[in-house]
Each structure stands twice: as structure tokens, then as C-alpha cells.
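If you're matching positions, the sequence shown starts at 1277 in the numbering used here and goes up one per residue.
Here a beta-carbon is modelled for each residue, glycine too, at the ideal position from N, C-alpha and C.
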Amino acid sequence: MSNKIKKLFSGDGIVNFSSSILAIICGLLFGFIILLASNPSQAYNGFMMILQGGFTDGMKGVGDVLYYSTPIIMTGLSVGFAFKTGLFNIGASGQFTAGAFAAVFVGVKFTFLPPQIHWLVALLAAVAAGALWGCVPGLLKAFFNVNEVISAIMMNYIGMYLVNLLIRNTIYDQLKNQSMAVAPGAMLPKAGMDKLFPGASLNIGIVIAVLCVILIHVVLNKTTFGYELKACGLNPDASKYAGINEKRNIVLSMVISGALAGLGGALLYLAGSGKYLQVLDVIAPEGFSGISVALLGLSNPIGILFSGLFIGHITVGGYNMQLFDFVSEAIDIIIAAIVYCGALSLLFKNVIHRMQMRRAKKAERRTRAAAKEE
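Right under this line is the structure:
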């Protein structure tokens, strides 16, 4: 056990952790500068509110953090899974929207289902819709060598406009310009979360997200299928030479990635928190937040879980900053800056790795010099 712990803190684990922490610190410092520029007298109080996050409101605040974290953990897991297999799934927003619509549609129309399975069927519909939306870029990449970034971006816009059209034609609430309310049986069970976190819009969605994190971690690191996916991402030519079906793995990777994002859409809109699908020409921001979460977590499923929780934490803290006369635009800028700095984690990782290599070379030279003297 001691050897494993020593390996964790002396190898890639500590490098990955350090790079992410440095990225977070840079984002927080940039946010503090924004606070000083907008309201110098309250900058310190506002900054401390960001750091406190959901802890300022007790158990309700913690519940809010878990609620806001759930969808971006799923989209971050979606993007991170594709990263691990050598693909850039920038289409998580479209897959998220497709899954959300499928879940809401089942929740509104399938009222003949028993309440015990209504929400399960809605979740499965969201998984299928997200998988279908992710399958298209995968097929184009595998069989026609179309860059998945281009096709996934196009699928984002197609998904947005198609969902708007389908909402108007199927589940439209004309007075509110949004989707109808889902049936009570389609809402995710609270499972005692409302008693543990009173006042928060929390349910078993966070439990499902954590189970997905564990499942993807096991698939990527403990199965032959996961090894093949990562091998194709690291070196497609060598994988093909080894007999691995590259085209199949590309398609399956995008299908799984899309399914995760679609499930994230269902977990948000079936939460019973008063969230509805709006008929707006706006791409779902949760998909792009997932990219930042994946970068901050370095595409590691466990890292994505904690980075998603961190983003949820500062989101709640950002809302509380309005108590110190900070306008909402300043809060959005700060959160965006902190999230954006997550992309620097890869840069920090390379810098730390180079520093370690230099230290190792110096130590080796000293050892050789000592050996010559003897």
C-alpha cells in the first residue's frame, strides 16, 4: 500500500493535481482583479464569498452546489471520455439538448407509464437521443474522415433549431414560450435528499452522475474495450496494425460520449426545479462548460468529478456576491475567467513535467560525478 501511495504522489498523479491547482489559482487571481476594478471597497468581501461558495448557506448551499454540478459533470465526462480516445467532442451542447428534449417529451407525453418507471424511461430516452446525436460525427469521422470538430459544431446548431421546432410542434406552452411541465412521475426521485439538504433542488441526479464517473473510470482503466479505445486515441496506425477496429471504436466513442451528455440534459430538466426547455436560439452553455471541466480535470473521470464540483461551488458563491453590490455581469465574467483558466492546466502540466525532467537529469549527473570520484 505504501508503494502505491508513494507512486501516486511522485508520479503523474501529483503533476496532474498541481497543474489543476495552479490553473485555479490563476483564475481566482484574475477574478480578484476584476472585482478590484469594478468595486474596490467590496472586492475582498466579494472574493471571500466566491471562496466560501455554497458553505455560506449551510446544507442548502451544499445541496445547491451538488445541483449545479450535476449537468456539467455529465458534459465534462462526455468531453473527457472523447479526449481519452483521441477525439474532441465539441458537440456536447447539441447532445445535451437532444437528450433534454427526449426526456421532457417522454415526461410530458408518456403519462400512461407507472410513476415507478416513468422517470427511468425518460432517462433512457435521453441516453438514446444523445447517443444518436453523437453517432453522426462519429460515422463521418470513421468512414469519411470528416473532422469531428466541424461536424459536431454543425450538429450543435442543427440540434438547437430542431429541438425548437419539435417543442413548438409537440410540447409547446404558447403562453410561456417554453416546454410544458413534465408529469410528476417523470421527475427524478428525491430519495431523502430534500430532507438532508432542505431548500435545495437536489435529487438522485448527483448519485447517477457519480455512478457514471465510476463506470467510465472502470471502462477506461480496467477493461480491454477501454484499452482499445485509448490505444486508438494515442496511435491509430499502431492500433490498426495490432488488429484493433479503429472505425468501430471511433463510432462507439462518440456514441458513448453523446449518451453521457444526453443523460446530463435529462438530469437537469427532470430535476423538478422549475427548469423548462426555452424556445430560444441559444446553444446550451452546459456543453461548453463541460469542455472546461474536462480540461480542468485533465480528462480523468475522478478529476472531472471534483472539477465539476468546484465549478458548482464558485457558481453558488457568484450568486451570493450580489449581496455586496456586484452586478451579475461581473459575476459571470469572474466565473468564466476561472473556468477558462482550466485550459491552462495542460500548459502547467507540461511545465511541471519539464521541471521534473530537469531535476532528474541533474540528479543523474550528480550521481555519475560521485561515482567517478569514487
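Q | Euclidean distance between Cα positions of Ala1459 and Pro1465 | A | Here the question's residue 1459 lines up with position 183 in the sequence shown. Here the question's residue 1465 lines up with position 189 in the sequence shown. Spanning the two alpha carbons is a distance of roughly 13 angstroms.
Q | Sequence-distant residues of its chain with Cβ nearer than 7 angstroms to Gln1328 (five each side left out) | A | For this step, residue 1328 is matched to residue 52 along the sequence shown. Answer for Gln1328: Gly1593, listed in chain order.
**Q.** Pairwise C-alpha distance: Glu1640 and Ala1539
**A.** Numbered from its first residue, the sequence shown carries residue 1539 at position 263. Numbered from its first residue, the sequence shown carries residue 1640 at position 364. Looking at the sequence shown, residue 1539 is not Ala but Leu. Whole-angstrom Cα-Cα distance: 50 angstroms.
Q) Counting pairs of beta carbons, one from the stretch 1378-1385 and one from the stretch 1523-1533, are three or more of them closer than 8 angstroms? A) With a cut-off of 8 angstroms on Cβ pairs, the stretch 1378-1385 is not in contact with the stretch 1523-1533, counting fewer than three such pairs.
**Q.** Inter-residue spacing [alpha-carbon to alpha-carbon] between Cys1617 and Ala1645
**A.** Your numbering for residue 1617 matches position 341 in the sequence shown. Your numbering for residue 1645 matches position 369 in the sequence shown. Taking the straight line from one Cα to the other gives about 42 angstroms.
**Q.** Which of helix, strand or coil DSSP assigns to Asp1340
**A.** Here residue 1340 refers to the residue found at position 64 when the sequence shown is read from its first residue. It is helical.
Q: Measure the alpha-carbon distance for Gln1450 versus Asp1557 and round it to whole angstroms.
A: Mapped onto the sequence shown, residue 1450 falls at position 174. Mapped onto the sequence shown, residue 1557 falls at position 281. In a straight line, the C-alpha of Gln1450 is about 17 angstroms away from that of Asp1557.
(Q) Can you check which of these residues, Ile1300, Phe1323, Ser1294, Cys1302, is closest to Leu1599 by C-alpha distance? (A) The count along the sequence shown starts at 1 and reaches residue 1599 at position 323. The candidate whose alpha carbon is nearest that of Leu1599 is Phe1323.
Q: With a threshold of 16 other CB atoms inside 10 Å of the CB of Ala1467, please say whether the residue is buried or exposed.
A: For the purposes of this step, residue 1467 is taken as the residue at position 191 of the sequence shown. So Ala1467 counts as exposed.
Q. Quick one: any contact between the stretch 1336-1346 and the stretch 1476-1495, if contact means 3 or more CB pairs under 8 angstroms?
A. yes
Q) Using the C-alpha atoms, what's the distance from Gln1371 back to Tyr1437? A) Mapped onto the sequence shown, residue 1437 falls at position 161. Mapped onto the sequence shown, residue 1371 falls at position 95. Each residue's alpha carbon lies about 13 angstroms from the other.
**Q.** Whole-angstrom C-beta distance between Ile1366 and Ala1428, which should lie under 8 angstroms
**A.** Taking the first residue of the sequence shown as position 1, residue 1428 is located at position 152. Taking the first residue of the sequence shown as position 1, residue 1366 is located at position 90. That pair is a contact at about 5 angstroms.
Q. On the three-state DSSP scale, how would you describe Tyr1448?
A. Within the sequence shown, the letter at position 172 stands for residue 1448. Of the three classes helix, strand and coil, the one that applies to Tyr1448 here is strand, per DSSP.
Q.
Judging by CA-CA distance, which residue of Val1483, Gly1461, Met1456 is the nearest neighbour of Met1469?
A. On the sequence shown, residue 1469 is found 193 positions in, with the first residue counted as 1. Measuring from the Cα of Met1469, the nearest candidate turns out to be Val1483.
Q. Grouping DSSP H, G and I as helix and E and B as strand, with all else coil, what is Asn1455?
A. By one-based count along the sequence shown, residue 1455 stands at place 179. A quick correction: the sequence has Ser, not Asn, at residue 1455. Note: Ser1455 maps to strand in three-state DSSP.
Q: Could you say which of His1493, Gly1435, Gly1375 lies nearest to Leu1544 if we only look at CA atoms?
A: Taking the sequence shown and counting its residues from 1, the one referred to as residue 1544 is at position 268. Cα-wise, what sits closest to Leu1544 is Gly1375.
Q. Can the beta-carbon of Gly1362 be found closer than 7 angstroms to that of Ser1575?
A. The residue given as residue 1362 occupies position 86 in the sequence shown. The residue given as residue 1575 occupies position 299 in the sequence shown. No; because the gap between Cβ atoms is not below 7 angstroms, this pair is not in contact.
Q | Continuous alpha helix (DSSP H) assignments of at least 4 residues falling wholly in the stretch 1496-1550 | A | 1500-1510, 1512-1517, 1522-1545
Q. Per DSSP, Gln1554 is paired with what?
A. Position 278 of the sequence shown, counted from the first residue, corresponds to residue 1554. Answer is Gln1454, bridged to Gln1554.
Q) Does the separation of the CB atoms of Leu1546 and Ala1398 fall below 7 angstroms? A) Taking the sequence shown and counting its residues from 1, one reaches residue 1546 at position 270. Taking the sequence shown and counting its residues from 1, one reaches residue 1398 at position 122. Cβ atoms of Leu1546 and Ala1398: closer than 7 angstroms.
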